[in-house]
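In what follows, a structure is listed as structure tokens, so that the remarks can point back to it.
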Amino acid sequence: MKSITQLVNLSTRKLVNLLYMKNLRSVKAENQHNKRSNRLKYDITRRLLDYLERKYEMRYNTALGCAEIRKAGSDEPFVPADERMRNTIAIKARLDGIDAWDKDIRRYTESGFVKVFNPVDDFLKRLQGRWGGKNHIEALADCVPNDNARWAEWFHTWFLAMVAQWMGLDNAHGNSVAPLLISQQGYRKSTFCKRLLPEVLQWGYNDNLIMSEKQNTLRAMTQSLLINIDEFNALSAKTQDGFLKNVMQLASIKLRQPYRQQQLTLPRVASFIATANVSDVFSDPSGCRRFIAVTLTGPIRLPDRIDYEQLYAQAVAELEAGRCYWFDEADTQEIMANNQHYQQRTPAEALFLDCFSIPKDLTKGVYMTAASIFSLLRQRYGSQLNLTSLSHFGRVLANIPNLHSKHSSHGTEYLVAVRRNAAQSGQSSLSC
């Protein structure tokens with residue numbers, strides 16, 4: 001009995017050893033297979049990388065947010081590596097004996113193996129130290145005929161601010177001012193705006209934004225270089241005084257990405273310029289500091305060829321030298337004074353100026369309260385004076401340029417001279 005038990009135990013141990021050895025050989029074989037498979041995958045990947053680097057030149061364009069490609073050693077322009085292009089590359093690779101699919105090409109073009117390229121930085125860095133000293137910026141400004149003595153200087157500052165925005169010199173402030181060219185049609189305003197950018201940067205010019213579409217405008221401010229607000233006078237007061245006034249001073253843009261909860265904060269890149277066909281363009285009664293409005297006295301005459309290299313080399317050189325590219329408080333006050341000529345008059349303001357004149361001599365005229373002025377206007381114009389309250393009328397008076405006021409026991413009083421026809425139609429107690 002004992003010998004039988006020993007025999008069984010011996011057989012069991014042999015069986016276990018046999019199974020163990022068989023399993024061990026299986027594991028070794030699997031490991032060897034995996035190694036060969038991994039080596040094969042590595043070889044395929046390595047061959048694909050070598051093939052792509054040998055056949056093509058690729059870069060990731062940070063401005064356009066996509067990979068671009070051209071044949072290696074070619075002077076042809078880069079083209080986007082879109083789905084059609086990736087499929088073409090995959091087919092050519094397979095014809096050349098490379099085991100690759102379109103997903104492999106996409107994985108490569110969207111990886112860190114593709115070098116990063118910023119077209120704006122590339123353009124500006126090539127211009128460092130190349131300025132010849134001539135003032136090309138103000139020479140370009142002089143192509144815009146107008147009677148504003150400060151135009152060339154203000155345009156110069158704005159142009160530097162535009163380039164500084166591209167270079168990211170100030171992360172806390174955006175270029176909050178824009179030239180506004182005003183004239184009848186046919187004066188080449190839009191052509192001037194478009195030709196401010198050289199051919200290599202024309203992708204960054206945008207003149208077809210609908211400003212009331214807020215998300216599109218915000219996104220364009222992170223992707224464009226120059227946004228032309230064409231027909232500025234067509235903007236609603238709500239868009240002009242609310243949304244646009246706000247976004248022009250932004251230094252960074254918060255955008256909600258599709259299918260994501262969190263917002264993405266991106267640097268602002270674009271500056272603004274604008275055109276209009278009528279002169280009464282500003283609707284904010286408190287004045288406008290965001291635009292440099294000029295009325296053209298004739299068509300814009302641009303040279304056939306603009307020396308963009310020297311134009312932008314000057315901007316780079318002056319910015320590197322520390323030249324001011326923003327408007328100080330004195331400049332801002334002058335701009336606001338200039339823009340008063342382009343202010344839209346509210347109906348209440350128009351009726352006021354029809355009935356009253358504003359004395360330049362403070363010793364002449366008479367001081368009247370808003371209530372007295374309002375009463376006289378009501379007597380003359382009745383329902384034409386469409387105001388909801390006396391306090392609203394007080395705000396209208398407070399925003400009329402050059403209207404002098406003082407505080408008295410009766411409240412705020414305004415220095416006015418009643419026009420003769422208004423005095424005759426009003427109460428004698430209100431005439432002067």
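Per full-length UniProt numbering, numbering of the sequence shown is gapless, rising by one per residue and ending at 432.
Heads up, the beta-carbon is just placed ideally off N, CA and C, and yes, glycines get one too.
Less than 8 Å between the C-beta atoms of V269 and L127, yes or no? In the sequence shown, counting from the first residue as 1, residue 269 sits at position 269. In the sequence shown, counting from the first residue as 1, residue 127 sits at position 127. The answer is no: Cβ separation not under 8 Å.
Can you tell which of W166, R94, A149 and G65 has the C-alpha that lies nearest to the C-alpha of D121? On the sequence shown, position 121 is the one that residue 121 refers to. Ranking W166, R94, A149 and G65 by Cα distance to D121 puts W166 first.
Buried/exposed call for H392, threshold 16 Cβ in 10 Å: As a working mapping, residue 392 is identified with position 392 in the sequence shown. Per the 10 Å Cβ criterion, exposed.
Runs of alpha helix (DSSP H) wholly within the stretch 33–109 (minimum 4 residues, chain order): 83–95 and 102–109
The alpha helix (DSSP H) with A350 in it runs from where to where? Here residue 350 refers to the residue found at position 350 of the sequence shown. Residues P347 to C355.
Complete runs of the beta strand (DSSP E) confined to the stretch 387–419 [at least 3 residues]: 405–408 and 411–418
Return yes when the Cβ of L225 is within less than 8 Å of the Cβ of G204, no when it is not. Stepping through the sequence shown from its first residue, residue 204 is reached at position 204. Stepping through the sequence shown from its first residue, residue 225 is reached at position 225. Against a cut-off of 8 Å, the Cβ pair of L225 and G204 comes out as a contact.
Proximal residues to A164 (C-beta, below 8 Å), its chain only, five neighbours per side dropped: Here residue 164 is taken as the residue at index 164 of the sequence shown, counted from 1. Cβ neighbours of A164 beyond the five flanking positions: D170, N175, L319 and Y325.
I253: first and last residue of the uninterrupted beta strand (DSSP E) it sits in: Here residue 253 refers to the residue found at position 253 of the sequence shown. Counting along the chain, the beta strand (DSSP E) containing I253 begins and ends at S252 to R256.
What are the residues that DSSP puts in a beta bridge with V366? Working through the sequence shown from its first residue, we reach residue 366 at position 366. Paired residues: V416.
On the criterion of 16 or more Cβ atoms from any shown chain inside 10 Å, does A63 qualify as buried, or is it exposed? As a position in the sequence shown, residue 63 is number 63, starting the count at 1. When all chains shown are included, A63 counts as buried.
Limits of the alpha helix (DSSP H) - the one that F159 falls within: The residue given as residue 159 occupies position 159 in the sequence shown. Per DSSP, F159 belongs to the alpha helix (DSSP H) from W151 to M167.
When you compare only the Cα positions, how much space is there between K189 and L52? Numbered from its first residue, the sequence shown carries residue 189 at position 189. Numbered from its first residue, the sequence shown carries residue 52 at position 52. So the alpha carbons of these two residues sit roughly 46 Å apart.
Taking the CB atoms as reference points, tell me whether C288 and N339 lie closer together than 8 Å. Position 288 of the sequence shown, counting from 1, holds the residue named residue 288. Position 339 of the sequence shown, counting from 1, holds the residue named residue 339. In contact: C288 and N339 (Cβ atoms closer than 8 Å).
With 16 other Cβ atoms within 10 Å as the buried cut-off, status of N146: Locating residue 146 in the sequence shown gives position 146, counting from the first residue. Buried, because 16 or more other Cβ atoms sit within 10 Å of the Cβ of N146.
Between P403 and the rest of its own chain, which residues show a CB-CB distance below 7 Å, the 5 nearest in sequence each way excluded? Translated into positions along the sequence shown, residue 403 becomes position 403. With the sequence shown as reference, residue 403 is identified as Leu, and Pro is not the correct amino acid for it. Cβ within range, chain order: I358, L397 and Y414.
Would the stretch 132–152 count as touching the stretch 99–119 if we require 3 or more Cβ pairs under 8 Å? no
Roughly how many whole angstroms lie between the Cα atoms of A141 and F327? Taking the sequence shown and counting its residues from 1, the one referred to as residue 141 is at position 141. Taking the sequence shown and counting its residues from 1, the one referred to as residue 327 is at position 327. Those two C-alpha atoms are separated by around 17 Å.
For Q249, does the count of other Cβ atoms within 10 angstroms reach 16, so buried, or fall short, so exposed? The residue you call residue 249 lines up with position 249 of the sequence shown. Q249 comes out exposed.
According to DSSP, is I373 part of a helix, a strand, or is it coil? What you label residue 373 is simply residue 373 of the sequence shown in a count that begins at 1. Of the three classes helix, strand and coil, the one that applies to I373 here is helix, per DSSP.
The alpha helix (DSSP H) that contains I335, what's its start and end? Within the sequence shown, numbered from 1, the residue matching residue 335 stands at position 335. E329 to N339 is the extent of the alpha helix (DSSP H) around I335.
Cutting at 7 Å between CB atoms, please list the residues of its own chain near L377, excluding the five before and the five after it. Counted from its first residue, the sequence shown places residue 377 at position 377. The answer, listed in chain order, is L351, F352, C355 and L385.
With DSSP collapsed to three states, give me the class of L181. Translated into the one-based positions of the sequence shown, residue 181 becomes position 181. If DSSP states are grouped into helix, strand and coil, L181 belongs with the strands.
Looking at F192 and I335, is the spacing between their C-beta atoms short of 8 Å? For the purposes of this step, residue 335 is taken as residue 335 along the sequence shown, with counting starting at 1. For the purposes of this step, residue 192 is taken as residue 192 along the sequence shown, with counting starting at 1. Taking 8 Å as the Cβ cut-off, I335 and F192 do not qualify as a contacting pair.
In the structure shown, what three-state DSSP assignment does I137 receive? Counted from its first residue, the sequence shown places residue 137 at position 137. If DSSP states are grouped into helix, strand and coil, I137 belongs with the helices.
Start-to-end residues for the beta strand (DSSP E) that takes in Q314: Your numbering for residue 314 matches position 314 in the sequence shown. Q314 -> not in any beta strand (DSSP E); alpha helix (DSSP H) instead, spanning Y308 to E320.
My output table needs one value for L209: the three-state DSSP class, helix, strand or coil. One-based indexing of the sequence shown puts residue 209 at position 209. Note: L209 maps to coil in three-state DSSP.
Bridge partners - Q343, DSSP secondary structure assignment: Counting from one through the sequence shown, the residue named residue 343 turns up at place 343. Q343 pairs with F282.
Which value, in whole angstroms, describes the spacing of the CA atoms of residue 521 and S405? An answer regarding residue 521 cannot be provided, because it is not within the stretch 1 to 432 covered by the chain.
What residue range does the alpha helix (DSSP H) around Q215 cover? Taking the first residue of the sequence shown as 1, we reach residue 215 at position 215. Where Q215 is concerned, the enclosing alpha helix (DSSP H) stretches over K214 to Q223.
Give every residue of the same chain whose Cβ lies closer than 6 Å to the Cβ of S37, excluding the five residues on either side of it in the sequence, and list them in chain order. Translated into positions along the sequence shown, residue 37 becomes position 37. Low per-residue confidence applies at S37: pLDDT is 49, beneath 50, and the placement is therefore not dependable enough to give any value.
Identify, in the order they occur along the chain, each residue of the same chain with its Cβ nearer than 7 Å to the Cβ of H173, setting aside the five sequence neighbours on each side. Position 173 of the sequence shown, counted from the start, is the residue given in the question as residue 173. Once the five neighbours on either side are set aside, the close Cβ partners of H173 are A251.
Beta-carbon proximity list for A417, same chain, < 8 Å, skipping 5 on both sides: Residue 417 sits at position 417 when you count from the first residue of the sequence shown. Taken in chain order, the residues that qualify are F356, S357, I358, P359, K364, G365, V366 and C432.
From the DSSP output, in three-state form, read off S236 for me. Within the sequence shown, numbered from 1, the residue matching residue 236 stands at position 236. Three-state DSSP puts S236 in coil, outside helix and strand.
On a CA-only basis, which of R256, I273 and S236 is nearest T265? Give me that one, please. Taking the sequence shown and counting its residues from 1, one reaches residue 265 at position 265. Closest option to T265, Cα to Cα, is R256.
From this set, L48, D75 and N208, which residue's C-alpha is nearest G97's C-alpha? Translated into positions along the sequence shown, residue 97 becomes position 97. Nearest C-alpha to G97: L48.
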